[in-house]
Structure formats: C-alpha cells, structure tokens
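Chemist:
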Amino acid sequence: MSKMKEEVPEVEYLRTILLPLVKYPEELVIEKITDDRGVLLTVVTSPTDAPVIIGKQGQFAKALRTIMRTYGSKIDALLHIKIDSTRNRDSGE
C-alpha cells in the first residue's frame, strides 16, 4: 500500500536505488532543496541502515554521488547527495 505522491524524477531515481538496500524502508526519506548551486538531496535514514548506504570507507556513498551526478547531467541539474542518519524522526505521523 504505497502512497501515490507526485515524485520528482531525481528523488524517485535515488529512492529506486536505495530501497532494496535498506532494512527499514519506512524510515527512508529523501528531501530535496533547490538553490542557485544546484539540487541537494538529503537521504534521511535509520542509523542501522546508514552503514549500508555509506559503505566501507565511504565507497558506496562515493559511487552513489557519481551515479546521481551522471543522472543530473542527463536532466540538466547539478545534484548533490547528503546522508543524514542522526536526525531523530517522529514515528507517529
């Protein structure tokens, strides 16, 4: 029972990459902020899932940034990725 929301392509693309990797998909949130320097996609995740998204010595995060930068060039957007596992999320929506 997924929520049908209008997603922007870059958020949907990043979510498609990350969802199979995380143990707690309900805690995966991707926030988009656009400014004069480009688009910042902040990945908010469970502290348990953060090591998977970051990878050993940050290698997966680096590869993810490369993939998203390449995708951004296809849609004419400068994409930046930030991974945040420290934010406390309210579990009762």
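So for the sequence shown, the numbering used here puts the first residue at 1086; every next one is plus one. Idealized CB from N, CA, C, for every residue including glycine.
Going along the chain, which unbroken runs of the alpha helix (DSSP H) with 4 or more residues stay wholly within the region 1089-1145?
Modeler: DSSP runs (the alpha helix (DSSP H)) wholly in the region 1089-1145: 1094-1103 and 1135-1139.
Chemist: CB L1125 to CB V1096, shorter than 8 Å?
Modeler: No, the Cβ-Cβ distance between L1125 and V1096 is not below 8 Å.
Chemist: Three-state secondary structure (DSSP) at T1155?
Modeler: T1155: helix per DSSP, three-state reduction.
Chemist: Can you check which of these residues, R1100, E1116 and I1118, is closest to P1110 by C-alpha distance?
Modeler: Nearest C-alpha to P1110: R1100.
Chemist: Using only CA atoms, which one of S1170, I1166 and T1171 lies nearest to R1122?
Modeler: When only C-alpha atoms are compared, the closest one is I1166.
Chemist: Just tell me which of I1138, A1146 and A1162 has its CA closest to the CA of I1118.
Modeler: Of the candidates I1138, A1146 and A1162, the one whose C-alpha sits nearest the C-alpha of I1118 is A1162.
Chemist: Does DSSP put L1163 in a helix, in a strand, or in coil?
Modeler: In the structure shown, L1163 sits in coil (DSSP, three-state: anything other than H, G, I, E or B).
Chemist: Take the Cβ of I1115 as the centre, count every other Cβ of all protein chains shown within 10 Å, and call the residue buried at 16 or more, exposed below.
Modeler: So I1115 ends up on the buried side.
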